[in-house]
Structures are given as C-alpha cells and as structure tokens.
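Heads up: the sequence lines are chains A and B, in that order.
Per my numbering, the first sequence starts with residue 1, numbered consecutively.
Per my numbering, the second sequence starts with residue 1, numbered consecutively.
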Amino acid sequence: MPIIVNLDVMLATRKMRSKDLAEKIGITTANLSILKSGKAKAIRFSTLEAICEALDCQPSDILEFSPEI
Amino acid sequence: MRKLIILKSIVDLFWILSLPIIPLILVFIPYSFITDDFIFSPFKINGIEIETFDLGTKIILAVVMLSYLLLVYCVYLFRKILGCFLRVKIFDEEVVDNFNKIGNLLVLSSFLIGVPSLLYRIYYMEKISLELGFSTFFLLICLGFFFKILSEIFKISRNMKEENELTI
C-alpha cells in the first residue's frame with residue numbers, strides 16, 4: 001500500500017509504549033498493532049484525532065504517501 | 001436460527017434419502033449398456049416417455065443419470081454451506097466457493113437434462129415443441145445462475161467485512 005504509517009517512529013521519538021498509547025486513545029493493542037504494521041485498510045478521523053492529541057503531532061507526521069515502484 | 005435448523009434438517013433428510021440411489025445409478029449406467037431388456041421400460045425423462053431402448057436412448061439415459069448425480073452432489077455442498085452457517089461462518093471462503101460450485105453444477109446439469117431430451121424429441125419423435133410454464137431446464141439454469149450471483153454477493157460482503165474489521 002502506498003500509504004505508510006509512521007506510528008512506531010512517532011512512538012519512539014515520544015518514548016511512549018504501544019500499550020500506553022492504545023490505553024490513551026481507547027483502542028486495543030491488537031488494533032494498534034494492525035495500524036502500526038500497515039495492515040489496516042482505513043483509519044477513522046476520530047482515531048487519527050485521538051492519536052494526534054496523544055502524541056501532540058499532525059496527521060502528516062503519522063501518515064506518509066509513497067508511490068509504489 | 002430456528003429456520004436454519006429446520007432447513008438443515010430438511011436438506012439432511014433429502015441427502016440421506018438420496019444416498020441409496022447413488023450406488024444404484026452407478027450400477028445401472030453400465031448395466032443399461034450391457035443388457036437390451038430394460039426392466040423399467042417405458043420410462044420418462046423430463047416428461048417425455050421413452051419406449052424404444054437402443055444405443056441412443058441408453059446414452060440419453062446415462063447422461064440424465066449423470067446429471068442426477070451432479071444434483072445430489074449439489075445437495076451435499078448445500079449441506080456443507082448450511083453447516084458453515086450453523087457455525088456462524090457466514091462470509092467464509094468455503095461458503096463462497098461452494099455457492100459458486102453449486103451454480104456451475106446446476107447450469108451443467110440443466111444442460112445435461114435439457115439437451116438429451118431435446119435431441120430425443122428431434123431424433124425419435126421428429127418434432128420440436130415449445131413448452132410454456134415451468135420446465136426443468138429453465139428452472140435449473142435460473143437456479144444455477146442465482147447461486148453464482150449469490151457467490152459473487154458473498155464475495156463482495158466478505159471483502160466489505162474484512163475492510164470493516166481492518167478499519168481502526
């Protein structure tokens with residue numbers, strides 16, 4: 001998929017664990033893992049908003065478009 | 001769910017009742033080619049009474065019997081689908097595959113029943129007639145395509161379910 005999720009990078013820079021973020025934004029760690037691994041097909045605006053709020057960042061910090069070669 | 005259990009029971013009963021006919025057909029097809037004295041003569045295929053018993057009618061009979069075996073296999077596949085539904089495996093790969101298989105087999109068996117009876121009419125009775133109303137050929141072909149469409153719909157639903165589950 002040409003959309004890359006940079007959530008693990010953001011978590012590392014914020015020194016936050018996946019479990020803590022999942023708890024903060026109210027989703028399961030399994031779902032967060034799906035999002036981090038890039039297996040997710042879509043992301044709700046509400047989830048994106050919660051992530052941005054928890055990590056104090058912009059949606060563009062989390063999502064990146066990279067055209068497939 | 002109660003309706004599903006009722007349907008499964010009916011299909012199971014139908015399946016059990018059809019089981020003894022399978023070995024009979026498997027014995028009967030080669031037997032009909034060996035013998036010239038046909039014990040069930042005259043018999044009916046698709047509403048046409050067959051009185052003569054030569055090689056042509058033997059082939060027609062074998063093809064019709066073969067289509068019956070295909071129909072019994074369709075019942076078996078349908079039983080498997082209902083089993084999946086009972087286990088709440090609704091949008092499963094197995095269900096989609098079996099619906100498609102049933103559709104293909106029904107279309108095939110409709111031709112296996114329809115074409116020999118048409119050939120018999122042309123060759124032996126020397127007439128072509130147009131039947132209005134419910135005929136086995138059209139009923140089976142419609143049912144076959146219905147199952148194929150159902151398979152497509154289940155495939156789309158499975159993708160939608162997957163997409164929904166992977167929306168975070």
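We put the beta carbon where it would ideally sit given N, CA and C, even for glycine.
Source: prediction; values computed, not measured.
Below-9 Å beta-carbon distance, residue i vs any chain A residue
i, result
"Thr-191 (chain B)", "Past the boundaries of the shown model lies residue 191 (chain B); chain B is included only from 1 to 168, so the question cannot be answered."
"Ile-156 (chain B)", "no"
"Leu-119 (chain B)", "no"
"Leu-69 (chain B)", "no"
"Ile-29 (chain B)", "no"
"Ile-10 (chain B)", "no"
"Ile-113 (chain B)", "no"
"Glu-152 (chain B)", "no"
"Thr-57 (chain B)", "no"
C-beta atoms of residue i and residue j nearer than 9 Å
i, j, result
"Phe-111 (chain B)", "Phe-137 (chain B)", "yes"
"Gly-26 (chain A)", "Val-5 (chain A)", "no"
"Ser-67 (chain B)", "Ser-109 (chain B)", "yes"
"Ile-141 (chain B)", "Leu-106 (chain B)", "yes"
"Ile-29 (chain B)", "Pro-116 (chain B)", "no"
"Phe-136 (chain A)", "Ile-3 (chain A)", "With chain A covering 1 to 69 only, the question about residue 136 (chain A) has no answer from this structure."
"Asp-97 (chain B)", "Ser-151 (chain B)", "yes"
"Tyr-124 (chain B)", "Thr-35 (chain B)", "no"
"Asp-56 (chain A)", "Arg-17 (chain A)", "no"
"Val-95 (chain B)", "Phe-134 (chain B)", "no"
Inter-residue Cα distance where the pair is residue i and residue j
i, j, result
"Met-1 (chain B)", "Trp-15 (chain B)", "21 Å"
"Phe-85 (chain B)", "Phe-147 (chain B)", "16 Å"
"Ile-102 (chain B)", "Val-27 (chain B)", "25 Å"
"Phe-53 (chain B)", "Leu-7 (chain B)", "40 Å"
"Asn-164 (chain B)", "Ala-54 (chain A)", "24 Å"
"Met-65 (chain B)", "Lys-3 (chain B)", "32 Å"
"Ala-40 (chain A)", "Ser-60 (chain A)", "17 Å"
"Lys-36 (chain A)", "Thr-29 (chain A)", "10 Å"
"Val-88 (chain B)", "Ala-62 (chain B)", "39 Å"
"Val-11 (chain B)", "Gly-83 (chain B)", "11 Å"
"Leu-63 (chain A)", "Asp-92 (chain B)", "32 Å"
"Val-9 (chain A)", "Glu-162 (chain B)", "27 Å"
"Met-1 (chain A)", "Thr-167 (chain B)", "15 Å"
"Ser-9 (chain B)", "Leu-17 (chain B)", "12 Å"
"Leu-118 (chain B)", "Ile-5 (chain B)", "39 Å"
Min CB distance residue i to chain B below 9 Å
i, result
"Leu-35 (chain A)", "yes"
"Ala-40 (chain A)", "yes"
"Arg-44 (chain A)", "yes"
"Thr-13 (chain A)", "no"
"Thr-47 (chain A)", "yes"
"Leu-32 (chain A)", "yes"
"Ile-27 (chain A)", "yes"
Legend entry - Continuous alpha helix (DSSP H) assignments of at least 4 residues falling wholly in the stretch 50–95 of chain B: Segments of the alpha helix (DSSP H) lying fully in the stretch 50–95 of chain B: 55–86.
Inset, instruction - Give a yes or no on contact between the stretch 16–28 of chain B and the stretch 72–81 of chain B, applying the rule of three or more CB pairs nearer than 8 Å. - result: For the pair of segments examined, the stretch 16–28 of chain B was found to touch the stretch 72–81 of chain B: the number of CB pairs separated by less than 8 Å reaches three.
Inset, instruction - Spell out a yes or no on whether the stretch 39–59 of chain A and the stretch 11–28 of chain A are touching, meaning 3 or more CB-CB pairs, one atom from each, closer than 8 Å. - result: Yes: the two stretches touch, three or more of their Cβ pairs being nearer than 8 Å.
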